[in-house]
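Numbering of the sequence shown is given in my numbering, commencing with residue 122 and proceeding in unit increments. Note that CB positions come from ideal geometry on N, CA and C, so glycine has one too. Okay, structure first, notes after.
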Amino acid sequence: MELKLYNYLRKEGLTHPDVDFRETVYQDKLELFDTTLGLDVDILSSVQKHLKTYNTYLKSSQQQEVTLRYYQILALYFTELYLTKKEEHDFTFSKESLAYWMATGSGKTIIMHLNILQYIAHCKNFRDFEIIMTTPGVNLIDQHERELTPFIEFLNTKYRNAVRLTIDTTSALLNKPNDFFDFPQSKSYRRLILVDEAHIGLSTTGNTGTDGAFMDLRRRLNIENSFLFEYSATFHNINGALEKEYEKSIVYDYNYNLFYKDGYGKDYYFQQVGDDVLEKSFDDNLHRNLSVINEKIDLWHNIDYSVQKDIFKASQHPDKPLIAFMGNTVNNKDKSAKNEDPEVSDITNIVNFLANLKEADKSNYKYLFNEEYTGKLTLTRNPETDDEILLSYGNGGYWGIVNVGNGAKFINDLENDKVIKNPRDKVIVSNIERYSFKNIDKQNSPINVLIGSRKFAEGWNCFRVSVIGLINLGSSKGNKIIQIFGRGVRIKGLKNNGKRTFLNHNEDYFKLKNTKEEDKLRKIETLTVFSLKKSYLETFTSAVNKELEIVKKYEIEVNPSIIKLNDNTEVKFEEFRKRIPIFKLSKVDIAQRRVSLLANKSFKVQFNQNNKTKEDTVNNFSINLDYRPDRNEDGVNIKGELANFIKDYSVFINLNKLQNIISEFQEDNGLYINANNKQITITDVLNFINEIKYKSSIDTTNIELIENIAIQVITDFLKKLKNKVNWYINNSNYQYQELLNQSTDKVKGDFIDKYYILKTIESTKESRGKTTFKKQKEIDEEITAFETEIDAIAESLKIDTIGNHIYNPLLREVRNNVDGEKDLKISPDKLNAGEKKFVQDCANYFKDNKDFKDYEIYLMRNVETLKSIGIYLNDDSQVFYPDFVLWMIKGDTININFIDPKGQMGLQDATTLLDNEKVKIADKTSNDTLVRLEKELSTTHNKTFILNSFLLLRDSSMLGFNKPNEWVKENLIDKNIFRLNWHNKFENGSNVPNSDLPEGNTYLDLLTSKMGL
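What follows is the structure, given as C-alpha cells:
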C-alpha cells in the first residue's frame, strides 16, 4: 500500500534533510520538543499546548501525567499539519477522516484523547459537539468508558456542557433507529467519530456480512460537519478497494516493525513448525509450555539486576511472567452448547492434563503453582465473575483462571475423578477480587495461568504475558491473530519506558544460557509462542510474519588505531590516550533549583547535587528582547514605556494572568524563583532587561497589545533565566581527568566498539498497483543474496583514507541508488558525504606536511548518541556535540579543535548567525565558554590548552555562495565558518575552480591559520 497522505505530510512537514527520526539522537531531541529539527515551530507548539491541557486533566483527576514518545509527537504533528492544510484548494487527500497505523502497545489511546483536543480547537463557535466512540469488540467498551467519560466531563467545564459522548459497539450502533444518524446541516453542530481497533471490522474479501455493515456504519455516521479518526494495529489483509481509500487517509505509520526496531515491546520466539514436539503427544506439548513458564517465573524471582549498570531502582523486573492459552475470538454458541466447540475441547484437554499431573511433575512446575500443589486439581467458580473458574490444587491458593463462556456448564460437563468441583456458594476467601482476571496485572496477583481465548485476545492491557499457548486457531482472521500477538509483546521494562533491555533480536530462545545474567534477562523479556497443534502454529506464523520484516544483521568490529607520528614512531591507544586529554559531560543528578533575584542584574542560585546543597551568585545577567517584525527596520526601545505603563496603569492589566504564567513555568520546569522572598512580578523582570525593541512606540490605549507584550517579556525572561541557571550548573560539573575509553557491550564510552549493517527484507511487495505478500522462496532468495554479498558491501562502505583517526574503520552512509546498498541501515553511526570528505581532506592535508612535522595529530569522530564529549552552550538551548575533535600537540601546548561539518541547520542566513550559540562560542573575546574550559584543563593537567571551534558548511548550503570576498570574510571567515568546497574537490568528487577559493586558501589553510599554527 502506498501511503500517499503520510508521504505528502512528511515532505511538507519535515524540512531538514539531515534529520532522520530513525536515529535515537533525533528521537530524544523531539521528545524534548527541540525546535531545531526542521519541524514547523508553531505546529509543534500547538501539540505541546494540547499535551499540557491533557496533563492538566490528568492532574485534576489524580492520574499520572504523561510524556509523549517521539512517534506520538510526530503523529500529532502530522495531524495538526493536516488540519491546517485540508481546506486548501489543491488538497487531494481525504478531507473527512484520518487513520493511524500504530502497533499494539504504542499508546493509541493517548493519541485518541489528544486528537479530540486537536479537532475541537479547529472547530469554531459550535453549540453542540457530539463524540461517538465505537469499536467492533465488546471487550474494549468498558475500558473506553472508564478512560473517556471523565475526560469529556473535564472538557465540558471548558465548553459549557456542549460536548456529548456515546460509547458503544459497532453492532449496537447498527441496531440504532435511523434518526440516530441524522445530524443538522449547520457548522454550529459538530460530530467526531472515533473507531478503535478498526482492523477487526475491515473486510479482506469485500463488503459482505458484518464487515460490509461496519463500513456502512462509518459512512452513515461520517456525514456533513463530521470527522472520523480510526486507530488500528494493522491495515494488512484489507481488500483492494479499501486499500485505495486508506492510502489517502493514513496520516501516520508506526507499524509493529518500527515499534520493535525502536526497542519497544518484548523480543519474540515462535515454536518452529517442524518442531519434533508438535509431532508428539498432546501431553509432551503441554509439558514444553509449562516447563518454559515455570523457568521464567523462577528467573523472575532470582535474577541479578546489578549487572545492568545503568539501572538504579529496579530490584525486580516489573512484569511477572504469565502463560496464556488463547486463540480464536469467534465462539460458535450452538456447538458450545453441545460441547462440540473446538475451543472448549482444547480447554478441557488442558484442564484434564493439569488434573492428571503426577506429584513429581507438579513439583517440577512448583513456581508456576506458587509452590502449593498438594492434592487434586480444584475448580472453583469465582463468586465475583460469572465466566471465571479458579484453579488450585487441594486447599492451596489459586494460581490459574479458566474462561470458557458458560463456566457452570463447563464444570458440570467435565468428567474426571481427579478433579474437585467447588460450588460458588461454598467459596469463602478474603480479598477474592485479587484472583480476578481484571486484576491480573497488579503486583499482588497470584494468577500465573490463563486458559481460554475470548476475553484474552483483545482489549486487554496486560504486560505479564510471557508465554502464549495457541488453541483453537483453525478459522481466525489474520487481523485477529495480530491482536493475540499484541497481547504478549507489551512490556513495562526495567526503566518503565516500554522498552526491552536488549534491542537486537535473538533468533533461538533455547540457545540462551542460565549461566549468563544477560541471557536470563533476555528470557524474561522474550515472548515465547507455542502451539497445541501444528495447524494452529501454521495459521499464527503465516499471519504474524506478514507484519514482521526480516532483519539480517552483520557486525563490523571497531578497534583503536595505531597512530604513526611524523617521526615514523607508532603509538598504541593505551599510550596515546594519555597524551590527548579532554573534558566530558557531567553525569551527576541535579535537583531542587532555586533562584533569588538580586540587585545589579545578579541572582543567587541554590541546587541539590548528590544530596548536598550548593549555592553561588551569578553576576552580569541581563537580556535584550527584539519583537520587530522586520529586523532590518530600526524600531524603538519600548522598555521604558512598558515600565511606566505598568507603574501607572497596572489596574488595566490582568496581573493574575501574568502570575499564573510564572507559577506554571516554575512547576513545569522545577525552577523556583523569588525576589525579596516573594513571587517575582513583571517589575522584577524588567530590572534584568536592557532593551525591548518593537516596530514603534506602544499605543497606551491598546491594552490587549500591552498585555500580550508583557506576557511575552515574562515568558522569554523565564526561559533565558532557566537556560542561564542550567548552563551555570552544568559548567561547574565537567569531568577533566578521565581518559578516553572505548565503549563495550555494557558500558558506553567515548567512541563506538562496533558497527551493525542491517538489511531489512519486507514480507510484502507492490505488484500492479496492489500490495501482495511474497512467497517464502522469494524471501529466502533475498536472504541468501545478502549473505553472499555482505562481505564485499562492508568493504566498500569503509572509508579508505582516514589518516590519524584514533579508531578504525569509519563507515560512510549508504547510497540508495546503488544496487546492493538499498534497504541497508548502518548503526550506531555513519559519515555523510561532507563528513567523509573532511576526514579524507584532513588525512591528505597533514600527511607529509612539513609545516606540522613537530606536531602530534589525532582526529576522533565524536558520536552524539554516546553523550560524552559535548559543550554546554551559553543559552542551554542544547548541548553542542561537535562531529569531530582534532588534537594538535606540540610540547606542552595542546590545541583542541571542535569541528562540525553541517548543512544549514540553524545557519539559515547571515542575519541569524549572531543568534546561534554554536557560532558565538568561536569568538573567545566576547564568549568565555571555551576560555573557561581552557583554564580548567590547564589547571588540571599543568599544560597550556588552546581550544577553538569551527563550523564547516556542506555543498548543499547556499550560505556564502557567490558572495563577494568582503561579505565572506565578515560573515563567515571571521566567525570560524568555512565551506567544505573551499578545496580542490566538491563532495561529489568534481573539481573546484581555484577562483572559488577565498584569496586562494582552502578551508584547511584557514582552519590551521585560525588555530595560530
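Counting along the chain, the unbroken alpha helix (DSSP H) around D397 starts and ends at D397 to E400. Contact between N410 and V588 holds, with the beta-carbon distance rounding to 6 Å and staying under 8 Å. When secondary structure is reduced to three states using DSSP, M223 falls in the strand class. Beta-bridge partners of L952 (DSSP): R933. Counting only runs of 3+ residues, the beta strand (DSSP E) found wholly inside the region 780-828 occupies 792-796 and 810-815, in chain order.
Taking a 10 Å sphere around the C-beta of H171, we find 16 or more other C-beta atoms and assign the residue as buried. Secondary structure of G609 (DSSP, three-state): helix. Beyond the five residues adjoining it in sequence on each side, F773 comes within less than 6 Å, by CB distance, of I824 in the same chain, given in chain order.
In this structure, V679 lies near K875, with their beta-carbon atoms less than 7 Å apart. In the structure shown, the three-state DSSP call for F250 is strand. With contacts defined by Cβ atoms closer than 7 Å, T986 and T469 do not form a contacting pair. According to the DSSP assignment, T506 belongs to no beta strand (DSSP E), since it is labelled neither H nor E.
Residue burial annotation: Y770 is exposed, with fewer than 16 other C-beta atoms found within 10 angstroms of its C-beta. Rounded to the nearest angstrom, the Cβ distance from V372 to L126 is 6 Å, consistent with a contact under 8 Å. Between K365 and S215, the CB-CB gap reaches or exceeds 7 Å. Checking the DSSP bridge columns, you'll see V465 has no partner listed. Going by C-alpha positions, K417 is about 6 Å away from I645.
Between the region 159-168 and the region 398-413 there are fewer than three inter-stretch CB-CB distances shorter than 8 Å, so the stretches are not counted as touching.
Going by beta carbons, E902 and I882 fall outside the 7 Å limit. For the pair of segments examined, the region 1017-1024 was found to touch the region 951-970: the number of CB pairs separated by less than 8 Å reaches three.
The beta carbon of V935 lies closer than 6 Å to those of E942 and L945 in the same chain, with the five residues before and after it left out. Counting only residues of its own chain and dropping the five nearest sequence neighbours on each side, H234 has a CB closer than 7 Å to the CB of Y175 and F272. DSSP lists Q727 as the bridge partner or partners of E736. Taking the Cα of K1131 as reference, the smallest distance to any Cα among E899, R311, E812 and S1070 is reached at S1070. Its Cα nearest to that of W1008, the residue I978 stands out among I978, N995 and I990.
Spanning the alpha carbons of V413 and K297 requires a straight line of approximately 48 Å. Residues of the same chain with a CB within less than 6 Å of the CB of G496, apart from the 5 flanking positions on each side, are Y514 and G515 in chain order. With distances taken between CA atoms, L918 lies nearest to N937 out of N925, N937, V672 and A906. Runs of the beta strand (DSSP E) lying entirely within the region 1053-1110 and spanning at least 3 residues, in chain order: 1065-1074 and 1098-1100. CA-CA distance, A720 to I252, rounds to 55 Å. When the beta-carbon positions are compared, G384 and K620 come within less than 7 Å of each other. For the set K840, I683 and I677, the Cα lying nearest the Cα of E696 is the one of I683.
The Cβ neighbour count for E1038, taken over all protein chains shown within 10 Å, is at least 16; the residue is labelled buried. Within the DSSP secondary-structure output, F704 pairs in no beta bridge. For the pair I471 and I572, the CB atoms are nearer than the 7 Å cut-off.
Within a 10 Å sphere around the beta-carbon of V709 sit fewer than 16 other beta-carbons, which makes this residue exposed.
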